[in-house]
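Just add 40 to the spot in the sequence shown (first one is 1) and you have our numbering.
Glycine included, C-beta positions come from ideal geometry on N, C-alpha and C.
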Amino acid sequence: MTMPRLATYAVLAWLLYLPSPLVFSQWLSDSQGIMGTNIHVELWSDDEKQGKAAIAAVMAEMERINQLMSPYIASSELAILNAQAASQPVSVSTELYELIALSIELSKETGGAFDITFASVGYLYDYRAKQKPSDEQVAELLSAIDFKHLQLNPAAHSIFFSHPKVKIDLGGIAKGHAVDNAVTILQRLGIQHALVTAGGDTRLLGDRMGKPWMVGIRDPRHADKQAVLLPLSDTAISTSGDYERYFEQDGERYHHILSPKSGKSIHEVQSVSIIGPRSTLNDALSTAIFVLGVQGGIDLLNRTPGYDGIIMDSQRKMHYSQGLTP
Ligand code: ADP
Ligand code: MG
């Protein structure tokens, strides 16, 4: 038997060749519930302590953004803005100002499908408590949904709501923003291979050590099944689905993506996944295209360089933008 011997020599040679002290590179991962969703981080590190510190830095960033942008935390900048901006202009941090300014840009580019003032009606939905606004409430508040009510003053970084009933919510873009920030932090810490996920928003730094990351798109009607599995590296993907937050009443599904035109949930599609370099844009585009539907959504993607998407319609048929069509 010469084989085991050869193998032994090979191992010895490899051990001698290694620089001293021995370096143990490894995958590290953690999951935590933050921002009302599951945050998952995986990264490759040659130093366990530094790797764990990098994961902790990502979790801290998620919590920082939660404290800044959650509508449920009374002291958040967003909650203060909602409470005061209809009475007087409110100055906000550069970060919140710029995310709101970007949201307004995206409202213009999506023909109003993405609109953070959806919350003027949206705040009356409580999906856990199975509560929705009455038709009278929707009719009364519908005129408050319009991004044109948001008046931005770039010099003062202030925002004024020109309609008394406006409320905003960044639920369609803040998680993508948080994921982009997290990846920037990891890059600064020297991490080269990582996956960061916040709910439906995932960004990949590098590959999975010579192999692509395999990212699944969930089957909208079966939590444990995947509709599509995609090999991806150094990019990002966001999925919006009608299954994340919803309740059913009288045979109707009330879910968390609302048409700014009707103040009600949309039923043309079940899920939208967007692939592109920036999580912030993937996040907002997946929500917008959910509202736009198949034709409007594919048209928007086909004129947006760098961004592609997969839409599953209400009949569970898949539609692909040009960049993904074989
Ligand atoms: P999630 O990852 O929470 O599923 P999505 O990216 O699918 O988020 O976006 C859904 C969230 O976007 C909703 O929970 C709500 O906060 C917000 N939203 C709903 N409708 C709109 C809309 N028309 N424009 C902008 N944001 C919206
Ligand atoms: Mg989104």
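key: ligand 1 heavy atom lying under 6 Å from the CB of H296   = Because some heavy atom of ligand 1 lies under 6 Å away, the Cβ of H296 counts as near it: yes.
query = Which of the three DSSP states, helix, strand or coil, is assigned to S326?
reply = Three-state result, S326: helix.
inquiry  = Run through the DSSP bridge pairs and tell me what F200 is partnered with.
reply    = DSSP output for F200 lists Q191 as bridge partner(s).
message = Closer than 6 Å to a non-hydrogen atom of ligand 1 - does that hold for the CB of D259?
response = At a cut-off of 6 Å, the beta-carbon of D259 does not count as near ligand 1: no heavy atom of the ligand is closer than that.
ask   = How about H359 and I338: are their beta carbons less than 7 Å apart?
value = Between H359 and I338, the CB-CB gap stays under 7 Å.
query = So what does DSSP say about F287, is it helix, strand or coil?
reply = Secondary structure of F287 (DSSP, three-state): strand.
ask   = Taking the DSSP output, what are the residues bridged to M99?
value = Note: M99 sits in no beta bridge, so no partner.
DSSP-derived helix/strand/coil call for M358 = Note: M358 maps to strand in three-state DSSP.
Coil, strand or helix - E292 by DSSP = Of the three classes helix, strand and coil, the one that applies to E292 here is strand, per DSSP.
query = DSSP puts S131 in a beta bridge; with which residues?
reply = According to DSSP, which records beta bridges pairwise, S131 is partnered with S198.
key: H262: first and last residue of the uninterrupted beta strand (DSSP E) it sits in   = Segment 262-272, the beta strand (DSSP E) holding H262.
request  = With distances taken Cα to Cα, identify the nearest neighbour of S174 among Q90, S302, L83, S133.
outcome  = Ranking Q90, S302, L83, S133 by CA distance to the CA of S174 puts S302 first.
inquiry  = According to DSSP, is L121 part of a helix, a strand, or is it coil?
reply    = Looking at L121 - three-state DSSP - the assignment turns out to be helix.
message = Output needed for G152: all residues of its chain with C-beta closer than 6 Å, excluding positions within five of it in sequence on either side, in chain order.
response = Here the set comprises P300.
query = Counting contacts by CB-CB distance shorter than 7 Å, is D353 in contact with chain B?
reply = Structure shown: chain B not included; a single protein chain is present.
query = For T327, is the beta carbon positioned less than 6 Å from some heavy atom of ligand 1?
reply = Yes.
request  = With a threshold of 6 Å, establish whether the CB of F201 neighbours any heavy atom of ligand 4.
outcome  = Only ligand 1 and ligand 2 can be found as ligands here, which leaves ligand 4 out of the picture.
query = With distances taken from CA atoms, which of L139, S326, I350, R243 is nearest L83?
reply = For L83, the closest C-alpha among the options L139, S326, I350, R243 is that of R243.
query = Leaving out five residues before and five after G239 in sequence, what residues of the same chain have Cβ atoms less than 6 Å from its Cβ?
reply = Result list for G239: T77, K215, in chain order.
ask   = Using CA coordinates, which residue listed in Q355, R356, I329 is at the minimum distance from D348?
value = Of Q355, R356, I329, the residue nearest in Cα terms is I329.
inquiry  = Mapping the DSSP letters down to three states, classify I113 as helix, strand or coil.
reply    = Coil at I113, not helix or strand.
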